[in-house]
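Everything on this sheet refers to the single structure shown next.
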Amino acid sequence: MTALPGFRSAPASRRSLLARLRGGWPAYLFLLPTLLLVGYFSYFPAYTAITRAFTDWDGLNVPTFTGLENFQRAVTDPVMGQATLNMAIWVGLGLLLAVVPPLLISELIFHLRGKKRQYAYRTLFVLPIVIPSLVLLLVWGAFYRSDGLLNALLGAVGLEGLRHDWLSDPDTALLSLIFLGFPYVDAFNFLLLYAGLQNIPDEVFDAARIDGATGWRRVLRIDLPLLRPQLGLIALLAIIGNVQYFISPLVLTSGGPGFATTVPALLMYQTATRDGEYGYAMAMAVLLMIVVVALTGLSRLLGRGNR
Amino acid sequence: MKRVGLTPGEVLRQALLIVFGLLALFPLYFSVVNSFKDRVQYAENLLNIPTRLHPENYAVAWAQIQGPLVNSVIVTGVSVLATLVLASLSAYAFALMDFPGRHLLFGLTFALLLVPEFLTLIPLYVQIQALTLPSNYLAIILPTVAVGQPFAILVLRAAFEAIPRDMLEAARLDGAGHLALLRRIVLPVSLPVLVSVAIIRLIPVWNEYLLPSLVLDERHRTLPVALVTFQGGGAATAITPNYGALMASYVLAAVPLVLLFAFLMRSYIQGVTSGGVKG
Numbered sequence: 001m002t003a004l005p006g007f008r009s010a011p012a013s014r015r016s017l018l019a020r021l022r023g024g025w026p027a028y029l030f031l032l033p034t035l036l037l038v039g040y041f042s043y044f045p046a047y048t049a050i051t052r053a054f055t056d057w058d059g060l061n062v063p064t065f066t067g068l069e070n071f072q073r074a075v076t077d078p079v080m081g082q083a084t085l086n087m088a089i090w091v092g093l094g095l096l097l098a099v100v101p102p103l104l105i106s107e108l109i110f111h112l113r114g115k116k117r118q119y120a121y122r123t124l125f126v127l128p129i130v131i132p133s134l135v136l137l138l139v140w141g142a143f144y145r146s147d148g149l150l151n152a153l154l155g156a157v158g159l160e161g162l163r164h165d166w167l168s169d170p171d172t173a174l175l176s177l178i179f180l181g182f183p184y185v186d187a188f189n190f191l192l193l194y195a196g197l198q199n200i201p202d203e204v205f206d207a208a209r210i211d212g213a214t215g216w217r218r219v220l221r222i223d224l225p226l227l228r229p230q231l232g233l234i235a236l237l238a239i240i241g242n243v244q245y246f247i248s249p250l251v252l253t254s255g256g257p258g259f260a261t262t263v264p265a266l267l268m269y270q271t272a273t274r275d276g277e278y279g280y281a282m283a284m285a286v287l288l289m290i291v292v293v294a295l296t297g298l299s300r301l302l303g304r305g306n307r
Numbered sequence: 001m002k003r004v005g006l007t008p009g010e011v012l013r014q015a016l017l018i019v020f021g022l023l024a025l026f027p028l029y030f031s032v033v034n035s036f037k038d039r040v041q042y043a044e045n046l047l048n049i050p051t052r053l054h055p056e057n058y059a060v061a062w063a064q065i066q067g068p069l070v071n072s073v074i075v076t077g078v079s080v081l082a083t084l085v086l087a088s089l090s091a092y093a094f095a096l097m098d099f100p101g102r103h104l105l106f107g108l109t110f111a112l113l114l115v116p117e118f119l120t121l122i123p124l125y126v127q128i129q130a131l132t133l134p135s136n137y138l139a140i141i142l143p144t145v146a147v148g149q150p151f152a153i154l155v156l157r158a159a160f161e162a163i164p165r166d167m168l169e170a171a172r173l174d175g176a177g178h179l180a181l182l183r184r185i186v187l188p189v190s191l192p193v194l195v196s197v198a199i200i201r202l203i204p205v206w207n208e209y210l211l212p213s214l215v216l217d218e219r220h221r222t223l224p225v226a227l228v229t230f231q232g233g234g235a236a237t238a239i240t241p242n243y244g245a246l247m248a249s250y251v252l253a254a255v256p257l258v259l260l261f262a263f264l265m266r267s268y269i270q271g272v273t274s275g276g277v278k279g
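In the order they appear, the protein sequences are chains P and C.
The first sequence maps to residues 1 to 307 in the UniProt record's numbering.
The second sequence maps to residues 1 to 279 in the UniProt record's numbering.
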């Protein structure tokens, strides 16, 4: 049997590296489009971001090296301080919203009787992905307006005193953005947890029942420990996602009123697109990336340590 | 087998689920009913189904977002298809071919999953501005395909590796080359996985806002960008927009996804639940 070049079953180890490189040409050809594309549109911009963070760059002209000046400016900027605090609140509350509602719903559905019934309800909670995320954002923006649904409902139950222009009041703007999207059952997180529950062997549940672990005790003793991998992944993705998220403040409040809804990622975006300070913006981006990497590392460490 | 009964607990659980499920869909209901109201009707009641309908809102909305809707379909369709084609080639190489540097190159592709999007957003914008492309669509399609590669390759490689070797060997003995093998055996056998990957990628691409808002010119702008423009200065501004037309545009923006998921819901659920997490 004469092998075509590049087939994995070819007796590769005996041949010289050069011959193998030459024999691998179909593989390199297959990989070429992907490598060109990710090289130019993923690796190169990442390289630009990291190197330009140390320069004074306006996006057009040749950057001049300024060392750590941008970073110094970022960590001493009071606006960045407020933005970081906003981000911390967002990440903390966002974590709760990412984990608790999907967990509650997947538990409720998983313990329904009958596969068909479970399937129907599972579909019901995946269905909302047909709402484009920007539509959800804009509709909620309309809910929050002074003539919006939230105030109309408050008026209807006799709580006129609580009526607000929710996004224009510095005290409520940030929380309004964070709590946008009731009931917060993210389809992806929900499916992950539901699949996790399905993967638990029936014997485990049977044993738990014999030991008297039912209802809440079963959830705490059996379900939660066995869902650790899924919960860990959701938590990690939620943290990383919220650290870099800034579409709703960008679209609904532009970071205001004042800096009440400004987060570091939004500040980075505005510093580049509005102020034209690309070098400084890249320093912020690099700082944020360090936060993301640190949190990822920390969570993996925690995940491993407890096992 | 036990009969599927209705105990009080079961009724309570189902009632809770229905309430929450409908609340999750409420923004869609809200958009639909209010898309048929004029300004006065909107101000009077936000929740009822109007007695006198104003379908002309849809004409106003359609005039605004007809172009962007077509653009979104083109951009999303081409991006997802191209993602699949390129990722299939790469995944085939990683799964079924032997060549020096296989692990290194796979590691390099995989590592991209760790590059956060906000880091590359601004440099990409600057880079694309400086690039002369034959079509403005490509300004968003090319980076989107690049971003989709790591995930698609990861999933497809696993699927391709799981194809029984006998099947591939038999075809090889019949003289099939790599391309023939990919086209006639690997891709058809992996069709369910391809559909899952396509639909999981499709959601974020359809919803993408940031980069399109920066790199697409007015004629090529996609739906999310157009919706924000149509809406005006944001909810914090004092001007009262024409809500009926606005809501009609939201409904129109959801229609393609509704149609798609009417057919492919099962693939989406299977894709997320099977590829999810292992230990």
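Note that the Cβ used here is the ideal one computed from N, Cα and C, for glycine as well.
Quick caveat, the model's predicted, so the values are computed rather than measured.
Reference residue i, options the options, closest by Cα
| i | options | result |
| --- | --- | --- |
| C:ARG219 | C:GLY67, C:LEU16, C:GLN41, C:LEU154 | C:GLY67 |
| P:LEU162 | P:ILE234, P:LEU31, P:LEU150, P:MET289 | P:LEU150 |
| P:ALA19 | C:ILE203, C:ARG39, C:PRO100 | C:PRO100 |
| C:VAL195 | C:ALA130, C:PHE94, C:SER249, C:LEU84 | C:LEU84 |
| C:VAL272 | P:ALA195, P:GLN72, P:LEU96, P:LEU302 | P:ALA195 |
| C:ALA245 | C:ILE65, C:PHE263, C:ARG102, C:SER72 | C:ILE65 |
| C:PHE36 | C:LEU23, C:THR132, C:ALA61, C:ARG13 | C:ALA61 |
| P:PHE110 | C:VAL189, C:VAL205, C:LEU17, C:ALA87 | C:LEU17 |
| P:GLY155 | C:SER31, C:GLY21, C:ASN45, C:LEU23 | C:ASN45 |
| P:ILE105 | P:ARG22, P:TYR184, P:LEU236 | P:TYR184 |
| P:ALA88 | P:SER299, P:VAL100, P:LEU298, P:THR262 | P:THR262 |
| P:LEU192 | P:VAL99, P:THR48, P:LEU68, P:TYR144 | P:VAL99 |
| C:LEU259 | C:LEU104, C:VAL73, C:LEU133 | C:VAL73 |
| P:PHE143 | C:LEU28, C:PRO256, C:TYR137, C:LEU168 | C:LEU28 |
| C:PRO143 | C:ALA59, C:PRO192, C:LEU105, C:VAL215 | C:VAL215 |
| P:PHE181 | C:GLN14, C:PRO8, C:PHE20, C:GLY9 | For clarity, residue 181 of chain P is Gly in the given sequence; the question names Phe instead. The candidate whose alpha carbon is nearest that of P:GLY181 is C:PHE20. |
| residue 362 of chain P | P:GLU203, P:LEU236, P:ASP171, P:PHE205 | The displayed coordinates of chain P run from 1 to 307. Any statement about residue 362 of chain P would go beyond what the structure contains. |
| C:ARG13 | P:TYR121, P:ARG15, P:GLY92 | P:TYR121 |
| C:ASP38 | C:PHE30, C:PRO55, C:MET167 | C:PRO55 |
The alpha helix (DSSP H) enclosing residue i, as first and last residue numbers
| i | result |
| --- | --- |
| P:TYR144 | 133 to 144 |
| P:ALA88 | 78 to 110 |
| P:ARG15 | No alpha helix (DSSP H) contains P:ARG15, which DSSP labels as neither H nor E. |
| C:GLU56 | 56 to 96 |
| C:VAL197 | 191 to 207 |
| P:PRO264 | 264 to 273 |
| C:SER31 | 8 to 34 |
| C:ILE185 | Premise fails: C:ILE185 is in no alpha helix (DSSP H) and is neither H nor E. |
| residue 317 of chain P | Examination of residue 317 of chain P is not possible in this model, given that chain P is present from 1 through 307 alone. |
| P:ASP206 | 202 to 210 |
| P:LYS115 | 115 to 126 |
| C:ASP166 | 165 to 173 |
| P:ASN189 | 187 to 199 |
| P:LEU150 | 149 to 156 |
| P:TRP25 | 25 to 38 |
| C:GLU161 | 138 to 161 |
CB of residue i within 8 Å of CB of residue j, strictly
| i | j | result |
| --- | --- | --- |
| P:GLY279 | P:ARG52 | yes |
| P:ALA213 | P:ILE200 | no |
| C:LEU25 | C:LEU252 | no |
| C:SER79 | C:VAL205 | yes |
| C:TYR92 | C:VAL186 | yes |
| P:ALA187 | P:PRO132 | no |
| P:ASN242 | P:TRP140 | no |
| P:GLU107 | P:VAL286 | no |
| C:LEU227 | P:VAL135 | yes |
| C:ARG102 | C:PHE110 | no |
| P:LEU288 | P:ALA272 | no |
| C:ALA180 | P:SER42 | no |
| C:PRO192 | C:GLU208 | no |
Residue i: CB within 7 Å of a non-hydrogen atom of the ligand PLP
| i | result |
| --- | --- |
| C:LYS37 | Here there are no bound small molecules, and the ligand PLP is not part of this structure. |
Within-8 Å CB hit, residue i to chain B
| i | result |
| --- | --- |
| P:SER42 | Judged by its chain identifiers, the structure shown contains no chain B, and its protein chains are P and C. |
Discussion item. Would the segment 249 to 267 of chain P count as touching the segment 78 to 87 of chain P if we require 3 or more Cβ pairs under 8 Å?
Written reply: yes
Worksheet item: Do the segment 26 to 35 of chain P and the segment 244 to 255 of chain P meet, that is, are 3 or more Cβ pairs less than 8 Å apart?
Response: no
Worksheet item: Is there contact here, the segment 194 to 213 of chain C with the segment 261 to 271 of chain C, by at least three beta-carbon pairs under 8 Å?
Response: yes
Worksheet item: Taking Cβ-Cβ distances below 8 Å as the criterion, which residues of the segment 186 to 199 of chain C are in contact with chain P?
Response: none
Worksheet entry | At least three beta-carbon pairs within less than 8 Å, the segment 112 to 120 of chain C to the segment 39 to 55 of chain C | no
Fill in: Stretch-stretch touch, CB-based, cutoff 8 Å, three pairs: the segment 54 to 66 of chain P with the segment 293 to 305 of chain P
no
Discussion item. Is it the case that the segment 41 to 57 of chain P contacts the segment 155 to 162 of chain C, given that we only count it when at least three CB pairs across the two stretches are under 8 Å?
Written reply: no
Discussion item. Under 9 Å, CB to CB, which of the residues in the segment 179 to 190 of chain P have a partner in chain C?
Written reply: GLY181, PHE182, PRO183, TYR184, VAL185, ALA187, PHE188
Discussion item. So if I threshold CB-CB distances at 7 Å, which residues from the segment 157 to 180 of chain P count as touching chain C?
Written reply: LEU167, SER168
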